[in-house]
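*Asks:*
Number of protein chains: 2
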Amino acid sequence: MLSKKAKYALKALLYLTKNADRGLVLISEIANSERIPRKFLEAILVDLKTQGVLQSTRGKNGGYSLAKDPSQVSVGNIVRMIDGPLAPIQCVSHLYYRKCDECLNEETCEIRLVMKKVRDATAAILDTTYLSDLQKINVLVNEEPL
Amino acid sequence: MLSKKAKYALKALLYLTKNADRGLVLISEIANSERIPRKFLEAILVDLKTQGVLQSTRGKNGGYSLAKDPSQVSVGNIVRMIDGPLAPIQCVSHLYYRKCDECLNEETCEIRLVMKKVRDATAAILDTTYLSDLQKINVLVNEEPL
DNA sequence: TATTTGTCTATATAATCTATAGACTTTATG
DNA sequence: CATAAAGTCTATAGATTATATAGACAAATA
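In the order they appear, the protein sequences are chains A and B. The numbers in the first sequence follow the numbering used here, run straight up by one, and end at 1062. The numbers in the second sequence follow the numbering used here, run straight up by one, and end at 1062.
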């Protein structure tokens, strides 16, 4: 399960992607628009800034904007930043690999093999889906005829 | 992330699958062989029994065995029994569907679409992999030449 | 009736998730 | 230079879940 934190992060980043032409956007605008608890969102944005996905300016007229091109930030990147490994078990993770405590022989672990498939399938989707891809999805929907 | 509980459940079921011909197997044997905390495993097995995957007999010569044919029990079944939904977000789950609290329009939610792909890919793997499939994996490995 | 084995109930600890409060710092602008 | 508007930092708190452990209880067999 994706944490709420990660879901909020994705929503916030997508909002900033959609509003990239408007320059800096206020935390509270994002919080209101996406119905994310204000203070919780603050912490998430600081986190994303630390990780280099966002940039911000303080003081009057300040706010947040993307630090990278939306075509360079994948959903997989973001989920990993907030929640850690995509893999259902760590012994199958690429970036967060760790041996299972109780496992005697990793080579012959059948569960490991199934979970590896799941990890690979998940990564294949999330690591090839970028913010820019998500943004495009509803363009047609929003362009309703007058 | 799969919980340890679910991983232990899978390991225990796989162990029982491999030892199906031996009749009833002791909790403590499973716990020792798979290095699962004994008392914790107990609770898991009771759970799996309640859900109809296992059967047990009390008293001397008692123990656990599978209640179904291993070709009828999928990894997806088991994971759902213990951890609930396979889906990364509930709004995309088939059996545990629930609307996201903060979501205004589910139809146009881009995040929902990516996560739906992940859920479908995961389900495609786990719902078509049965205990019997897992059991087969190491048959060749174990049949080492003398 | 003693022993073996599963069952039930309660408890404990730790971690994580989700969130909130409030003081502080920076920046623009009048 | 004072004020207002914004992000930042630190602390905390409540709830839930994960991961166990202990011990009394019930059933089956020999």
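Cβ coordinates follow ideal geometry from the N, Cα and C atoms, glycine included. The model shown is predicted, which means the values in this text are computed figures rather than measured ones.
1) Taking 8 Å as the CB-CB cut-off, is E1018(A) touching chain B?
2) Would K955(B) pass as an interface residue toward chain A - the criterion being a Cβ-Cβ separation below 8 Å?
3) Between the Cα of I998(B) and the Cα atoms of E1023(B), Q1006(B), T966(B) and T973(B), which residue gives the shortest distance?
4) Using 8 Å for Cβ pairs, my map puts A928(B) next to I952(B). What's the rounded Cβ distance?
5) Do you know how far the Cα of D1049(B) is from the Cα of V989(B)?
6) What residue range does the alpha helix (DSSP H) around G992(B) cover?
7) What are the boundary residues of the alpha helix (DSSP H) that L1047(A) is part of?
8) Can you tell me whether L942(B) is buried or exposed? The criterion is at least 16 other CB atoms within 10 Å of its CB, across all chains shown.
9) Using a Cβ-Cβ cut-off of 8 Å, state whether M997(A) counts as contacting chain B.
10) Which class does V962(B) belong to by DSSP, given the choice of helix, strand or coil?
11) Excluding the 5 residues preceding and the 5 following L957(B) in the sequence, name in chain order all residues of the same chain whose CB lies nearer than 7 Å to its CB.
12) May I ask you to list the residues that DSSP assigns as paired with Q971(A)?
13) Distance check for R954(A) and C1019(B), CA to CA, integer angstroms please.
14) Check whether the region 1022-1041 of chain B touches the region 994-1008 of chain B, counting contact only when three or more Cβ pairs, one atom from each stretch, lie closer than 8 Å.
15) Report the rounded CA-to-CA distance for K920(A) versus I960(A), giving the unit in angstroms.
*Replies:* Reading from the atomic positions:
1) yes
2) no
3) T966(B)
4) Indeed, because the Cβ distance is near 7 Å, the residues count as touching under 8 Å.
5) 10 Å
6) V991 to D999
7) L1047 to I1053
8) Exposed, by the Cβ-count rule.
9) no
10) helix
11) Y924, A928, I943, I946 and A947
12) DSSP output for Q971(A) lists S981(A) as bridge partner(s).
13) Cα to Cα, the separation comes out at about 16 Å.
14) The region 1022-1041 of chain B, when compared against the region 994-1008 of chain B, does touch it at the 8 Å Cβ threshold.
15) K920(A) and I960(A) have their alpha carbons spaced roughly 11 Å apart.
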